[in-house]
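Residue numbers (UniProt numbering): 1 to 301.
In this text, a Cβ means the ideal position worked out from N, Cα and C, and glycines have one as well.
Since the structure comes first, as structure tokens, the remarks are kept for the end.
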Amino acid sequence: MRVWKQWTDECRTTRKSGSGPRNVTSARDDRHLVRMARTDRTASSRQLAALWSIATGVSLCASSIRRRLLQCGLRARTPLYRIPLTHDHRRLRLQWANQHRDWRADWQHVVFSDESRFNLWYHDGRIRVRRYAGERHLPECIIERHSGRTPGVMVWGAIAYHRRSQLLRIVGNLNSNRYIREVLQPEAVPFLQSLPGAVFQQDNARPHTARIVKSFFAAQQVQLLPWPACSPDMSPIEHVWDVIGRRLARDPRPVASADELWEAQRKEAELMVLLAPTTIDLYTLTRPLAVVLGTFDLECH
1 MRVWKQWTDE CRTTRKSGSG PRNVTSARDD RHLVRMARTD RTASSRQLAA
51 LWSIATGVSL CASSIRRRLL QCGLRARTPL YRIPLTHDHR RLRLQWANQH
101 RDWRADWQHV VFSDESRFNL WYHDGRIRVR RYAGERHLPE CIIERHSGRT
151 PGVMVWGAIA YHRRSQLLRI VGNLNSNRYI REVLQPEAVP FLQSLPGAVF
201 QQDNARPHTA RIVKSFFAAQ QVQLLPWPAC SPDMSPIEHV WDVIGRRLAR
251 DPRPVASADE LWEAQRKEAE LMVLLAPTTI DLYTLTRPLA VVLGTFDLEC
301 H
């Protein structure tokens, strides 16, 4: 009735500007709150409310804290997880990125490969970081974690410019002999041979760098792309795993077994080809380098 009366009397349904209860905090207070949130990116709204009360003597509830931060553009988002990097890791990553920063058409010949493990159950870490859009890769917005085995299904795949391999299921531990017998011989090498001038990328996991694997690559005349240690985030195939994982997590029908999870993964991989036939473009290839180099203005022509 109130909205109808407002419409008939004033021809509007929105609240007048300046009406309603006034904010307890001033613009200066809001700036101070933003500084507090940016000082500790993982602080919850309840923790910020307690810190605010101690600092100012004014009590604010957690919901008010969240509203103020949202109005200032700070939203609680899922942090980026990565493997801890030493000084040498960072130096070698930067060195590698500088060596390849001028690559453009060269990336069209690179085949990126990787294994990924998908959990049988999706667990959402409750930690959030408050950041502005575009701050995902800031060091203070990243939570480091060590990789560990969890129940699920391991898969192997490879992508290239407008191409992708078949998705392979890896059962059990993958050693160098199994890597050659179950991945390289039946899928990776034929995929590389179908692409003239292909360069193969893989990480530095032990099964990939064993002497027997190096001999196999030499015998098959496979050209390898040197890769810095502890740098899975620099490979564009991580984006593919991320998309598949997100789609699996959104499925309202939880999988009950590893076999069901594998079938769901295969369907999602096929669906990705239908939704995005190009699979990978030049922007996807060059963006990880831009992140490492600290710039996002690399041209993608």
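With a CB to CB cut of under 7 angstroms and the five nearest residues on each side skipped, what residues in its chain are close to residue i?
i, result
"THR78", "ARG128"
"ARG169", "VAL153, VAL155, TRP262"
"VAL255", "LEU120, LEU261, ALA264"
Output needed for residue i: all residues of its chain with C-beta closer than 6 angstroms, excluding positions within five of it in sequence on either side, in chain order.
i, result
"PRO84", "GLU144"
"PRO151", "LEU120"
"GLN202", "SER113, HIS208"
"GLN220", "VAL189"
"THR56", "none"
"ALA133", "none"
"PRO288", "MET234"
"VAL34", "CYS72"
"ALA269", "LEU167"
"THR8", "none"
"CYS11", "none"
Return the residue from the list the options that minimises the CA-CA distance to residue i.
i, options, result
"ASN98", "PRO232, ALA256, PRO228", "PRO228"
"ARG131", "PRO207, ILE54, GLY172, LEU80", "LEU80"
"ARG266", "ILE244, ARG253, ASP251, HIS89", "ILE244"
"ASP40", "ARG90, TRP103, ILE142, HIS89", "ILE142"
"ILE212", "PRO196, SER194, LEU184, GLN6", "LEU184"
"ARG164", "PRO139, SER194, ASN175, ILE180", "SER194"
"ASP88", "SER59, CYS230, ARG169", "CYS230"
"ALA205", "ARG253, PRO232, SER257", "PRO232"
"ARG31", "ILE65, PHE191, LYS5, CYS11", "ILE65"
"ARG75", "HIS100, SER44, ARG90, ARG101", "SER44"
"LYS214", "TRP241, TYR179, ARG246", "TYR179"
"PRO226", "ARG101, LEU192, TRP96, GLU187", "TRP96"
"ARG90", "PRO139, ALA27, LYS5", "PRO139"
Where DSSP assigns a beta bridge to residue i, which residues make up the other side?
i, result
"ALA160", "ARG163"
"ASN119", "GLY152"
"ALA76", "ARG130"
"GLN223", "VAL199"
"TYR81", "ILE143"
"SER53", "DSSP, once it has assigned bridges, lists no residue as partnering SER53."
"ARG169", "VAL155"
"VAL111", "PHE200"
If you measure from the CB of residue i, is any heavy atom of the ligand NAD nearer than 7 angstroms?
i, result
"ALA264", "For the ligand NAD, the structure offers nothing, since it holds no ligand at all."
To which residues of the same chain is residue i closer than 8 angstroms at the C-beta, ignoring the five residues directly before and after it?
i, result
"PRO277", "For PRO277, the pLDDT reaches just 40, beneath the cut-off of 50, and the residue's location in the model is therefore unreliable, although a value from the coordinates is still provided. Answer for PRO277: HIS162, listed in chain order."
"THR295", "Note that THR295 has pLDDT 49, beneath the 50 cutoff, so the model's placement of it is unreliable and no number is given."
So residue i and residue j are supposed to be a Cβ contact under 8 angstroms. How far apart are they, rounded?
i, j, result
"VAL153", "PHE200", "Actually they do not touch by this definition, with Cβ atoms about 24 angstroms apart."
"VAL292", "LEU94", "6 angstroms"
"ARG82", "ALA62", "Not quite, the Cβ-Cβ distance comes to about 29 angstroms (not below 8 angstroms), so this is no contact."
"ILE54", "GLY157", "Contact flag wrong, Cβ pair sits at about 51 angstroms."
Cβ of residue i within 8 angstroms of Cβ of residue j?
i, j, result
"SER116", "VAL155", "yes"
"LEU217", "LEU224", "Note that residue 217 corresponds to Phe in the displayed sequence, not to Leu. Contact: yes."
"ALA198", "HIS137", "no"
"LEU69", "ALA105", "no"
"LEU60", "VAL24", "yes"
"ALA160", "VAL222", "no"
"SER257", "ALA210", "no"
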